[in-house]
Amino acid sequence: MDKVPMTVRGEKMLRDELDALMKRRPIISQAIGEARELGDLKENAEYHAAREEQGICEAQIRDIEYKLSVAQVIDVTKMENTGKVIFGVTVTLIDVDTEDEVKYQIVGDDEADIKAGRISVNSPIARGLIGKMQDDEVVITTPGGQKEFEIAEVSYI
35 MDKVPMTVRG
45 EKMLRDELDA
55 LMKRRPIISQ
65 AIGEARELGD
75 LKENAEYHAA
85 REEQGICEAQ
95 IRDIEYKLSV
105 AQVIDVTKME
115 NTGKVIFGVT
125 VTLIDVDTED
135 EVKYQIVGDD
145 EADIKAGRIS
155 VNSPIARGLI
165 GKMQDDEVVI
175 TTPGGQKEFE
185 IAEVSYI
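Residue numbers in the sequence shown follow this note's numbering, run continuously in steps of one, and reach 191 at the last position.
See the structure below:
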């Protein structure tokens, strides 16, 4: 079984979501019990809705428990900053053509949120950056074509 990299923040998010789902379990069970008391189960919409919600909740719990079981939590704040781009770091890039500056944190697939500046380790940009050093110039093939960036800063935060 391969380990899946995850940041400390990502692990906390999953654990919080798991806690919320575990708290919903008894509420759903109670709703099933109340719906069962309404009579004929074949034509009982409340019962069927509660059972469906229970199935979704249980599937989400299993999914999160699996993700946590294969997670390799990486805390870059406890590592020495060598200037090398690795999983979990925050990278400041300067577009060589436009001089625009962008900042990304390289995170696991479940944590990725481009609007928040978090990109998946499996994204084309992250794959092009991993292993490079601060002040390197890199050419990255993106869906919009090739882009050239300078790695202005690598932060282990």
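Where a beta carbon is used, it is the ideal one built from N, C-alpha and C, also for glycine.
As the structure is a prediction and not an experimental result, all values here were calculated from the model.
- Gly151 counts as exposed, since fewer than 16 other beta carbons sit within 10 angstroms of its beta carbon.
- The three-state secondary structure of Glu171, taken from DSSP, is strand.
- In this structure the region 126–144 lies against the region 158–166, because at least three pairs of beta carbons, one per stretch, are closer than 8 Å.
- Per DSSP, reduced to three states, the secondary structure at Leu75 is coil, with no helix or strand assignment.
- If you draw a 10 Å sphere on the C-beta of Gly122, you find 16 or more other C-beta atoms in it, and that means buried.
- For Leu48 against Cys91, the beta-carbon gap comes to about 15 Å, at or over 8 Å, which does not count as contact.
- For the 8 Å CB-CB criterion, Val155 and Gln168 do not form a contact.
- For Ser63, the uninterrupted alpha helix (DSSP H) run begins and ends at Val42 to Arg70, by DSSP.
- For Ile159, the uninterrupted alpha helix (DSSP H) segment begins and ends at Pro158 to Leu163.
- Per DSSP, the unbroken beta strand (DSSP E) holding Phe183 starts and ends at Gly179 to Ser189.
- Pairing Glu114 with Gln64, the inter-Cα distance amounts to about 51 Å.
- The three-state secondary structure of Ile95, taken from DSSP, is helix.
- Between Val130 and Glu171 the beta-carbon gap is near 7 Å, inside 8 Å, which marks them as a contact.
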